[in-house]
Amino acid sequence: MAATDTGAAAAPFVRIEGVTKTFGTFRAVDNVSLDIAKGELFSLLGGSGCGKTTLLRMLAGFEQPTSGRIFIDGQDMTSLPPYERPVNMMFQSYALFPHMSVEQNVGYGLKHEDLTPAQRSARVKEMLELVKLSELAGRKPHQLSGGQRQRVALARALSKQPKLLLLDEPLGALDKKLREHTQFELMNIQDRTGITFIVVTHDQEEAMTLSSRIAVMDRGVIRQVGTPNEIYEFPSNRFVADFIGSINQFEGEVIRTGGGMTDVSCPVLSGTVKAATDATPERGSKVTVAVRPEKITITRKAPSGGVNVVRGTVRDLGYFGKDSLYRVKLESGHLVLVNSVNARRSDEGGRVAQWEDEVWLSFEPSSAILLTD
Amino acid sequence: MRDWFNRTGWRDLIIATPYAWLIVFFLIPFLIVVVMSLAIMKSASPPFGFHEAFPWIDLGNFARLFQDTLYIRAFVSSLINALIATLLCLLIGYPMALGITRVSKSWRNILLMLVILPFWTSFLLRVYAWIGMMGSNSWFNKLLTGIYNFAVPSEWALKSIPMMNTSFAVVLVMVYSYLPFMILPLYANLEKLDTTLNEAAMDLGSRPWQVFRDITLPLSIPGIIAGGLLVFIPATGELIIPSLVGSSANPMIGRVIADEFNSARDWPMASAVAVALLFLMVLPMVFYNHYEAKAQNAGGKP
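Protein chains in written order, with numbering that gives the first Met the number 0: chain D, 0 to 372; chain R, 0 to 301.
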C-alpha cells in the first residue's frame with residue numbers, strides 16, 4: 000500500500016521542491032520534494048548522515064540548496080539569509096548564549112522586533128511561563144540542568160512567534176525519564192501555539208509518539224512519508240520496514256494472485272505464504288514477505304487448519320516482564336523473531352515455551368506485508 | 000617516607016616545582032629589589048647601604064619619584080606609548096585572529112606559523128631593519144613622504160618625514176614586535192567559541208555585524224584582556240626599542256631604570272622606579288580579577 004499525503008492535501012505551508020545539496024562530490028540531500036501542512040508536527044527520521052540535518056539547515060537558511068527551491072507560506076525562501084526568515088530553530092546543543100541570563104537569552108530575538116520595552120518583557124514573561132521557568136529568569140545557562148536548558152532553548156526559539164519551528168534532536172541530550180515527560184510537553188506546546196514544527200530525530204520511538212507525519216530518510220533520499228501508523232504497518236519498501244521497529248523478512252516468489260490475496264512460495268518457510276494485498280504483483284516476480292514479531296502467534300500445539308503455519312524450535316528467549324521475545328529456528332535454519340504478551344501470571348513468567356521446545360508459529364494473511372522494492 | 004612518596008609524592012613534587020621556581024627566580028629577587036629601593040647610594044660594593052641609626056630605611060627615593068619631573072614624564076610617556084601600541088595591536092590583531100579561526104584546518108596552521116615566523120630571526124636584527132626603513136633616505140620613508148605630499152597642500156610639503164627618534168617610531172616598532180602576543184591568546188580564545196552560537200543569533204534575526212557585537216565580542220573579552228596584558232606590560236617597561244629608535248630627550252621608564260643603574264650607579268633609585276612600575280602594572284590586574292570574580296558570582300541570584 001502506498002503512503003498517502005493526506006496531511007498536505009490542502010495548500011502546503013512548507014513546500015520543498017526538488018532540493019539537492021552536494022558537498023564536493025557527496026550528495027547530502029538528493030532531489031527531495033516534500034509538502035508540509037500548517038500546524039503539523041512533522042518528523043524527519045533517519046540514521047546519522049542520511050541528510051535530515053542538512054535539510055533542516057536549508058530550511059533555516061544556514062545552507063543554500065545546490066538546486067531546488069523552498070517555499071514557506073507561499074513565499075520563496077531559497078536565497079533568504081537566516082535573519083530574514085520567519086523560521087526559528089532549536090539547536091541540538093541548545094546554543095544558549097553563555098554570557099546572558101535566561102531572560103536575556105529568551106528576549107534576544109525580540110530586540111529586532113518592533114516592540115516597546117514593556118511589550119518585550121511581557122513576551123519574555125509569557126514565554127518563560129509557557130516553559131515553566133519564570134523563577135529562573137535571572138540564572139545563567141551554566142547554572143541550569145540539562146532539562147532546564149532545553150526549555151530555555153525552546154522558549155527562545157518560540158519567542159519570535161515563528162511561522163515554522165525547526166527542532167534538531169530536541170530530546171537527544173535528555174535522560175530517558177525526562178525524554179518521555181518532555182515529549183508530551185512538546186506536543187502540548189505545539190498544540191497550544193499552533194506553530195508548525197519540523198523535528199529532526201534518529202529515534203524512531205520519539206518520531207512515532209510525537210509526529211503527525213514522518214518522513215523516513217536514507218542517504219539523502221526520502222524513502223517514505225506517512226503517519227506513524229502507515230510507516231509502521233504499511234512500510235513501502237525494505238529499508239523502511241527494517242528501519243522502523245523489528246521485522247522478519249522472508250524472500251520468495253509470487254506463484255498466484257487474485258481476490259485480494261497473493262500466494263508466495265518461500266523456501267525458508269518450507270511452503271507457501273498467503274498475503275492479503277491490494278496490489279497484484281506479477282507471477283514469478285521476486286518479493287519479500289515481511290511480518291512484525293508481535294503479529295506472529297506462538298503455540299505448543301499445531302493450530303488446526305490455519306494458513307501460514309510453520310514449525311520450529313526456540314533458540315533464545317528474552318523475558319521483559321510484560322512480554323517475551325523468542326528467537327525461533329525454523330527447519331530451514333532461518334531465525335524468526337516472535338514477540339508474545341505474557342497475558343497469564345505464572346511461575347514461568349507466563350511463557351508459552353521454554354528453550355529448545357518445539358513450537359508452531361502462525362500469522363494472519365492480513366499481517367503479512369509484501370515488499371517488492 | 001617511602002609510603003608518603005608513593006601516595007602523594009609525585010603530585011606534591013609537580014605542584015612544588017613551579018612554586019619553587021617562582022620563589023627562587025621571582026619572589027626572592029623582587030624582595031631584594033624592594034629592600035634595595037629603601038636603601039641609600041653609597042660608594043661601596045655593591046653601591047648601596049642603609050642608615051646607621053633608626054629608622055635605617057630611607058623613603059627618599061620614592062619621594063623623588065613624585066618630585067622629579069624626569070620620572071613623571073618617563074612614566075607618562077611609557078604608559079601612553081604602551082597604551083597606543085596595545086590598542087593598535089588589538090585593532091590589527093583581532094581581525095587577523097578571527098580570520099585565522101574561519102579558514103580550513105590546514106590553512107590555520109600555515110597562518111599561525113606565519114604569525115610566529117618573525118621570532119625565528121633575531122629581535123635586534125628586526126629593530127635595525129626598521130631603523131633602516133625609517134631613515135630619511137629609505138624607500139619606505141620616501142614612499143610615505145610621497146603619499147603625504149600628495150595628500151596635503153603644497154606649502155606643507157616635506158622632503159622626508161622625520162620618523163626616527165620619535166614616539167611614532169617607538170609605537171610602530173612595538174606594534175610590529177608585540178603583535179604575535181596579541182594574536183595568539185586572541186586566537187586561542189576565539190577558536191574555542193562555539194560557532195552554533197553565531198548561527199543561533201543569526202536565526203533570531205541578527206545580521207552578521209550584530210552577531211559580532213552581541214556574541215563574538217563579549218565572549219572574546221578574556222582573550223582581549225590576556226592579549227592586552229601580554230602586550231601592555233612588556234611594552235611599558237620596554238628598553239631596547241625606545242633606546243634604538245626613540246627620542247633620548249623623552250625617555251621611557253625602562254631607559255630610566257637602565258640609566259640609573261648603569262650610568263648613575265644609583266641602585267636604590269633604579270630599584271624604587273622598578274618597584275613603582277610593578278605596582279602600576281599589578282594594580283589594574285588586581286582590580287580586574289576582583290571585578291571578574293564579582294561578575295562570576297552575580298549570575299547566581301535566585
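Built from N, CA and C at the ideal position, the CB exists for glycine as well.
Contact between the stretch 214 to 231 of chain R and the stretch 173 to 193 of chain D is absent, with fewer than three C-beta pairs closer than 8 Å. Listed by position along chain D, the residues whose Cβ is nearer than 9 Å to that of Arg101 (chain R) form an empty set, because the closest Cβ is around 15 Å away.
When 7 Å is used as the limit between beta carbons, Ala206 (chain D) is near no residue of chain R, the shortest such separation being about 23 Å.
For the pair Ile297 (chain D) and Val220 (chain D), the Cα-to-Cα distance works out to about 37 Å.
Taking C-alpha positions only, Ala271 (chain R) is separated from Arg212 (chain R) by approximately 43 Å.
Close CB contacts of Arg148 (chain D) within its chain, under the 7 Å cut and outside five residues either way in sequence, are with Tyr93, Leu95, Pro140 (chain order). Not flagged as an interface residue toward chain D: Ala15 (chain R), since no C-beta distance is shorter than 8 Å. Contact of Met280 (chain R) with chain D by beta-carbon distance below 8 Å is absent, the smallest such distance being about 27 Å.
Residue contact with chain D for Glu237 (chain R): absent (no Cβ-Cβ distance below 8 Å to any residue of chain D). The continuous alpha helix (DSSP H) containing Gly227 (chain R) extends over residues 220 to 235. When only Cα atoms are considered, Pro241 (chain R) and Met35 (chain R) end up about 26 Å apart. DSSP places Gly251 (chain D) in the strand class (E or B) of the three-state scheme. In the three-state scheme derived from DSSP, where H, G and I count as helix and E and B as strand, Met163 (chain R) is classed as coil. Across the stretch 211 to 226 of chain R, CB contacts with chain D closer than 7 Å involve Ile214, Pro217, Leu218, in sequence order along the chain. Secondary structure note for Glu198 (chain R): its alpha helix (DSSP H) is the uninterrupted segment 194 to 202. At a cut-off of 8 Å between beta carbons, Pro116 (chain D) makes no contact with chain R. Secondary structure of Tyr186 (chain R) (DSSP, three-state): helix. DSSP, read as helix, strand or coil, puts Ser78 (chain D) in coil. For Tyr147 (chain R), the uninterrupted alpha helix (DSSP H) segment begins and ends at 138 to 150. One Cα belongs to Val32 (chain R), the other to Ile83 (chain R), and the distance between them is close to 29 Å.
At least one beta carbon of chain R lies nearer than 8 Å to the beta carbon of Phe90 (chain D). Under the criterion of beta carbons closer than 8 Å, Asn247 (chain D) and Leu336 (chain D) qualify as touching, at roughly 6 Å. At a cut-off of 8 Å, the C-beta of Lys37 (chain D) has no neighbouring C-beta in chain R. Across the structure, Gly131 (chain R) and Pro233 (chain R) are spaced so that their CA atoms are roughly 24 Å apart. Listed by position along chain D, the residues whose Cβ is nearer than 7 Å to that of Ala199 (chain R) are Phe90, Ala94.
At a cut-off of 8 Å between beta-carbon atoms, Lys159 (chain D) makes contact with chain R.
Annotation for Ala263 (chain R): no residue places its beta carbon closer than 6 Å to its own, counting only its chain and skipping 5 residues before and after. Taking the CA atoms as reference points, Pro17 (chain R) sits about 27 Å from Tyr290 (chain R). Leu203 (chain R) has a beta carbon lying within less than 8 Å of a beta carbon in chain D. In the DSSP assignment, Leu123 (chain R) falls within the alpha helix (DSSP H) that extends over 122 to 133. Three or more Cβ pairs closer than 8 Å define a contact, and the stretch 238 to 256 of chain R meets that threshold against the stretch 171 to 191 of chain R. Between the beta-carbon of Thr21 (chain D) and that of Val199 (chain D) there is about 20 Å, and that puts the pair past the 8 Å contact cut. Interface annotation, Arg107 (chain R): not in contact with chain D, CB-CB separation never under 8 Å.
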